[in-house]
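First to last, the protein sequences are chains A and B.
Numbering of the first sequence is given in the numbering used here, commencing with residue 1 and proceeding in unit increments.
Numbering of the second sequence is given in the numbering used here, commencing with residue 1001 and proceeding in unit increments.
Even for Gly, the Cβ is constructed at its ideal location relative to N, Cα and C.
There are 2 protein chains.
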Amino acid sequence: MKIVDYNEDKAEAVDFEDVKNDKVRGLISDKDKAPNFAMRLYEVGTVGDSLLQPPNWEHEVFILEGEGVTYDGEKETKLKSGTVVYVAPNEKHQFKNTGNDTLKFLCLIPIKK
Amino acid sequence: MKIVDYNEDKAEAVDFEDVKNDKVRGLISDKDKAPNFAMRLYEVGTVGDSLLQPPNWEHEVFILEGEGVTYDGEKETKLKSGTVVYVAPNEKHQFKNTGNDTLKFLCLIPIKK
Chain A
1 MKIVDYNEDK AEAVDFEDVK NDKVRGLISD KDKAPNFAMR LYEVGTVGDS
51 LLQPPNWEHE VFILEGEGVT YDGEKETKLK SGTVVYVAPN EKHQFKNTGN
101 DTLKFLCLIP IKK
Chain B
1001 MKIVDYNEDK AEAVDFEDVK NDKVRGLISD KDKAPNFAMR LYEVGTVGDS
1051 LLQPPNWEHE VFILEGEGVT YDGEKETKLK SGTVVYVAPN EKHQFKNTGN
1101 DTLKFLCLIP IKK
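Next up, the structure:
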């Protein structure tokens, strides 16, 4: 069993050209021999956003802290602590921080894509 | 895309003989056509616990609120908001509430076991 506080796991900058002020912690991954899916924690700073992407795998998201919106390329929907988002494979999506604090959310994806 | 507050999802009692004061919300599942893994939110009431089990699939857990311990059959390890627990397949584990409020945690498991 692996038991850690998420703050102990290093936050790395998300390195895409169009992404602003976004870090990720790889909490559970294939490095832990997790066979099926990975847990990551994103921290989007103020006036920041995640990648606008339509990958061909699903995302399971839980908003932990902050305020934001998810954008599907056409409309925005509000997010707050406790919001659950299921993004199906090939659905375009982006998470934007619209609040005054960091927007933190868990995002789980399959390991074998 | 499915976007809901977790409180909108019905909490159902966890119905095992040895489990005390434990409810679960099935936030994302095969009902949403999630192909690989399911997100559930457990709410363990005071003096409650989850099933002591060694299933042959992994659990990826994130503690949201409350205080508790995880018990592996031999020793207990403290849990609080922000603790990440990876339980590998066949590892015995149980979550117990040791605080004065509800212990809430996300627990993700594979859909195909």
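- Chain-order list of chain A residues neighbouring B:E1091: M1, by C-beta distance under 9 Å.
- Contact annotation: B:A1088 and A:E60 have beta-carbon atoms that are not nearer than 8 Å.
- Identification of chain B residues near A:F37 by a Cβ-Cβ cut-off of 8 Å yields N1036, F1037, E1060, L1108, P1110, ordered along the chain.
- Taking B:K1113 as reference, the option from A:E67, A:N21, A:N36, A:K31 with the minimal CA-CA separation is A:N36.
- Ranked by how close their Cα comes to the Cα of B:E1012, the residues B:D1005, B:I1003, B:D1018, B:D1022 have B:D1022 in first place.
- Using a CB distance cut-off of 8 Å, B:K1033 counts as an interface residue toward chain A.
- Within the DSSP secondary-structure output, B:E1043 pairs in a beta bridge with B:K1023, B:K1104.
- Looking at the backbone, the Cα of A:M1 and that of A:K80 are separated by about 31 Å.
- The shortest C-alpha to C-alpha distance from A:T98 to any of A:E91, A:Y71, A:T46 is the one to A:T46.
- Note: B:A1038 is bridge-paired with B:I1109 in the DSSP secondary-structure output.
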